[in-house]
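Here's the structure, in structure tokens; my notes come after.
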Amino acid sequence: MTTGEHTMADAAAMRRALDLATRGPATGVNPRVGCVILSPHGDVLAEGWHRGAGTAHAEVDALSKLAPDAAHGATAVVTLEPCNHTGRTGPCALALIDAGIARVVYAVADPGDHSAGGADRLRSAGIEVTAGVLVDEAEAFLDDWLFATRNHRPRVTVKWAASLDGRAAASDGSSRWITGPEARADVHRRRAAADAIAVGTGTILADDPSLTARTSAGELLDAQPVPIVFGRRPVPHDAAVSRHPHTPVMLEGADLVGDLRDLQRRGIRSLFVEGGPTLASAFLAAGLVDELLVYVAPMLLGGPRVAVGDLGISTIAEARHLDFAAVERLGDDLLVVAHPVSTRRSPDSTNDIEEASRSSTSANEGN
759 MTTGEHTMAD
769 AAAMRRALDL
779 ATRGPATGVN
789 PRVGCVILSP
799 HGDVLAEGWH
809 RGAGTAHAEV
819 DALSKLAPDA
829 AHGATAVVTL
839 EPCNHTGRTG
849 PCALALIDAG
859 IARVVYAVAD
869 PGDHSAGGAD
879 RLRSAGIEVT
889 AGVLVDEAEA
899 FLDDWLFATR
909 NHRPRVTVKW
919 AASLDGRAAA
929 SDGSSRWITG
939 PEARADVHRR
949 RAAADAIAVG
959 TGTILADDPS
969 LTARTSAGEL
979 LDAQPVPIVF
989 GRRPVPHDAA
999 VSRHPHTPVM
1009 LEGADLVGDL
1019 RDLQRRGIRS
1029 LFVEGGPTLA
1039 SAFLAAGLVD
1049 ELLVYVAPML
1059 LGGPRVAVGD
1069 LGISTIAEAR
1079 HLDFAAVERL
1089 GDDLLVVAHP
1099 VSTRRSPDST
1109 NDIEEASRSS
1119 TSANEGN
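So the sequence shown is numbered by the numbering used here: it starts at 759 and just counts up by one.
Dropping the structure here:
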């Protein structure tokens, strides 16, 4: 919702603030935020951006570059509503008030439970506030952080690779490789774009995956997802995941909703669920999946090694419906991208997935 009018200078400063925000870390608890302070005549007085948890917020960073009293009567243009809480740093709304800022322009309202309310505090201090400037661009830029903050969990993508008849492996358990090199390269690119990658302990014990994002030559990509392992069975001390660039996070998986909230508090905004079928099925049954990536290979395998297990569906009327967002040819394979029509949560979403995994096979890493 827009309050007040914004000028061409406001819009230009907001584009600059969005550019500044890209300099901050793309992962972690805090959002990437940029700030530009304009004089009453529209000249740029100072710029700032947030460099990560525990450092000065964008507004304070910009104010720190000004001489005392230089901000009196100025306009602060910031990509996110100034915060209204005290954490590792003080509230930005108060810093702007104390600096003598006369007007604040922001793009996106802060959805945080504790940090929201900065705009109201500013208005109460007599500061003019204009909201919603370049809101679409800012929302797209902050997409993962906004999703995680609003939903108190990361955005969840579930991936599997399967034959045309829906099998993740042959009857003997072999599955390397169901899909070809183009599909596997796409998987690793998507891994690198996620904050974290998850498997169950069944997959760890069966396949010993590294859970890294790699090139076709096996070299590590610059960005690596944090490995998450769900389950109660102990992971061998010499498992490949123990050599991951990031320390693995171990979660029991008895309460997926609680586990996802824990990951969000750790700064995980996007979770890439690799498998196996038990873990994928648990997320689907709980209504906690936002995107499906299904890599379909032109082969038939038959047998019991299905890509998805029981979802608690007993009749066609209970089917989970999907929207097909894209279908892409990758070499000989197809990638189907689908989104659940709704994320209806099962009442027994807190069931222990480890118990079910004892009767289910895992899918090999990166099929």
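Note that beta-carbon positions come from the ideal geometry of N, C-alpha and C, so glycine has one too.
#1: Taking 6 angstroms as the cut-off, does the CB of Leu1092 come closer than this to any heavy atom belonging to the ligand PLP?
#2: If you draw a straight line from the alpha carbon of Ala769 to that of Pro1006, how long is it in whole angstroms?
#3: How about the region 890-900 and the region 1008-1028: do they share at least three Cβ pairs that are nearer than 8 angstroms?
#4: Could you tell me the alpha carbon to alpha carbon distance between Arg1001 and Asn788, rounded to whole angstroms?
#5: What number of angstroms, rounded off, separates the C-alpha of Val891 from the C-alpha of Val863?
#6: Just to confirm the assignment: which complete alpha helix (DSSP H) runs, minimum length 4, are found wholly within the region 1001-1029?
#7: For Ala1096, report the span of its beta strand (DSSP E) as first-last.
#8: One question on the structure: do His808 and Thr847 come within less than 7 angstroms of each other, judged by their Cβ atoms?
#9: Which runs of the beta strand (DSSP E) fall wholly inside the region 816-889 and span at least 3 residues, in chain order?
#10: Look at the Cβ atom of Ala804, then the Cβ atom of Lys823, and state whether they are nearer than 7 angstroms.
#11: Can you list, in chain order, the residues of its chain whose CB lies under 8 angstroms from that of Glu886, leaving out five sequence neighbours each side?
#12: Answer with buried or exposed for Leu1021, where buried requires no fewer than 16 other C-beta atoms within 10 angstroms of its C-beta.
#13: Do Pro967 and Arg982 have their beta-carbon atoms positioned less than 7 angstroms apart in this structure?
#14: Going straight from the alpha carbon of Thr1101 to that of Ala1040, what length do you get?
#15: Taking buried to mean at least 16 other C-beta atoms within 10 Å of its own C-beta, is Ala971 buried or exposed?
#16: For a quick check, are the C-beta atoms of Gly876 and Cys841 less than 7 angstroms apart?
Taking the coordinates as given:
#1: Among the components modelled here there is no ligand, and therefore nothing to report on the ligand PLP.
#2: 43 angstroms
#3: Segments in contact, no.
#4: 27 angstroms
#5: 7 angstroms
#6: 1014-1023
#7: 1091-1098
#8: no
#9: 833-838, 861-866, 886-889
#10: The criterion of a C-beta distance shorter than 7 angstroms is satisfied by Ala804 and Lys823.
#11: Close CB contacts of Glu886 within its chain, under the 8 angstroms cut and outside five residues either way in sequence, are with Gly762, Ala860, Arg861, Val862 (chain order).
#12: buried
#13: Checking the sequence shown, residue 982 turns out to be Gln, not Arg. Cβ distance not < 7 angstroms, so Gln982 and Pro967 don't count as in contact.
#14: Note that Thr1101 scores a pLDDT of 48, beneath 50, so its modelled location is shaky and nothing firm can be said.
#15: Per the 10 Å Cβ criterion, buried.
#16: yes
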